[in-house]
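Asks:
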Amino acid sequence: MELRKPREYRSAWPGEGGGDALQSRWPPAPCTRRQEAPAGVLLDLRAESRDASLNLLLEAAASTLQEVAGSPFDCALTLPRHRGTPEAVGSNDSALALAGAEQGAGNSPVSQALGGKLATIANGYLPHPDWPDFWRILEAAGYRSMLSAPVPLGPGRFAALTLLSARDNVFTASVTAAATAFGKRAGTSFAIAEELRTARSSASHLRLALESRPLIDAACGVIMAQNNCSYEAAFGILAKASSHRNIKLRLLAESILSNVSQDLHNKSLEWR
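As structure tokens, then:
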């Protein structure tokens with residue numbers, strides 16, 4: 030096991046957590062206790078897209094935890110997928126790369142957090158026994174310490190919130206406790222944001238279906254007249270054609286009605 034001496038550091042620039050991208054996307058939060066939300070208060074992660082909610086979560090993590098840490102840091106969030114490699118978002122390219130480093134093999138702090146367990150690398154001179162060589166990855170990215178906290182998303186399912194600093198011993202016991210509490214709050218908040226998006230999407234689909242119904246009924250009427258069949262049979266013909274042509278039912282109904290309208294127009298010209 031290789032031991033290395035602590036390094037002396039210059040003062041960090043405002044918003045600098047480390048890494049090859051020195052300036053984080055967000056500046057450090059002003060040191061005021063008024064910004065701290067009570068532990069039970071949910072985060073407002075409502076947004077039009079999943080990615081936007083994830084970025085809001087990262088902003089909230091930086092704002093909430095930097096004051097506790099007393100030092101700027103970079104952060105990233107890694108989410109599991111049912112299949113394939115977990116997805117990640119980060120405050121800069123270095124944090125994003127670290128969030129994905131070796132997690133697929135299950136032998137990194139991020140992998141441990143994805144499994145629901147807290148993981149901390151306190152400094153860059155005393156290798157962690159679980160990941161004796163991980164300091165090389167940290168050092169290559171410009172970091173000295175790392176904290177990955179689980180973010181509960183549901184029964185047995187966790188995301189990983191990863192904090193990264195260019196300094197040693199930034200993530201103390203108090204920071205670890207704050208990050209763990211924030212992770213629980215963030216998980217609940219993100220789940221609610223996802224549910225709101227799903228409900229909004231379902232409502233939009235229902236509204237579109239209701240708006241499309243008169244068109245579909247009219248198209249079924251045309252099919253009934255052409256085939257001398259019932260409404261149920263006409264709808265079956267329409268649905269089958271929609272599937273075979275790989276076109277939405279509403280668009281196919283519009284096409285049928287447009288063709289009928291054109292035929293009537295042509296016949297009216299012939300009768301003149």
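In this note's numbering, each number is its position in the sequence shown, counted from 1, plus 29.
For glycine and all other residues, C-beta sits at the position ideal for the given N, C-alpha and C.
All figures in this text were calculated on a predicted structure; none of them were measured in a lab.
Of all the options S272, M253, A270, V289, which has the alpha carbon lying nearest to the alpha carbon of A263?
Replies: The residue with the shortest Cα to Cα distance from A263 is M253.
Asks: Determine the contact status of A188 and L106, defining contact as a CB-CB distance below 9 Å.
Replies: Against a cut-off of 9 Å, the Cβ pair of L106 and A188 comes out as a contact.
Asks: Measure how close the beta-carbons of A151 and F200 come, nearest whole angstrom, since I'm counting them as under 8 Å.
Replies: That pair is a contact at about 7 Å.
Asks: Could you give the DSSP three-state label for G144: helix, strand or coil?
Replies: G144: coil per DSSP, three-state reduction.
Asks: Which partner residues does C104 have in the DSSP bridge list?
Replies: Looking at the DSSP assignment, C104 forms a beta bridge with L192.
Asks: Taking 9 Å as the threshold (C-beta atoms), are S123 and Y172 in contact?
Replies: Result yes, Cβ atoms of Y172 and S123 sit closer than 9 Å.
Asks: With DSSP run on the structure shown, which of helix, strand or coil describes V289?
Replies: In this structure, V289 counts as helix in the three-state DSSP scheme.
Asks: Ignore the nearest five residues each way along the sequence and tell me which others in E283's own chain have a CB closer than 7 Å to its CB.
Replies: L244, listed in sequence order.
Asks: Taking only the alpha-carbon atoms, compute the straight-line gap between L225 and T217 and give it to the nearest angstrom.
Replies: Taking the straight line joining both Cα atoms gives about 12 Å.
Asks: Look up R62 in the DSSP assignment and say whether it is helix, strand or coil.
Replies: Model confidence at R62 stands at a pLDDT of 38, short of 50, so the residue's coordinates are unreliable; what they give is reported in the following sentence. Helix at R62.
Asks: Which residue's Cα is closest to the Cα of A117: L190, R186, F163?
Replies: Among L190, R186, F163, the Cα nearest to that of A117 is on L190.
Asks: Do V204 and L192 have their C-beta atoms within less than 9 Å of each other?
Replies: Yes. Within cutoff.
Asks: Please state whether the Cβ-Cβ distance between V139 and A126 is less than 9 Å.
Replies: No, the pair does not count as a contact, with Cβ atoms beyond the cut-off.
Asks: On the DSSP letters alone, give me the boundaries of the beta strand (DSSP E) that V118 sits inside.
Replies: Looking at the DSSP string, the run of the beta strand (DSSP E) that includes V118 is 116-119.
Asks: Measure the alpha-carbon distance for A98 versus N136 and round it to whole angstroms.
Replies: Between A98 and N136, the C-alpha separation is close to 26 Å.
Asks: Can you tell me the Cα-Cα spacing of A81 and S174, whole angstroms?
Replies: So the two alpha carbons sit approximately 27 Å from each other.
Asks: Need the endpoints of the alpha helix (DSSP H) that A268 sits in, please.
Replies: Here the alpha helix (DSSP H) through A268 covers 260-274.
Asks: With burial defined as no fewer than 16 other Cβ atoms inside 10 Å of the residue's Cβ, what is the status of I285: buried or exposed?
Replies: Burial call: buried.
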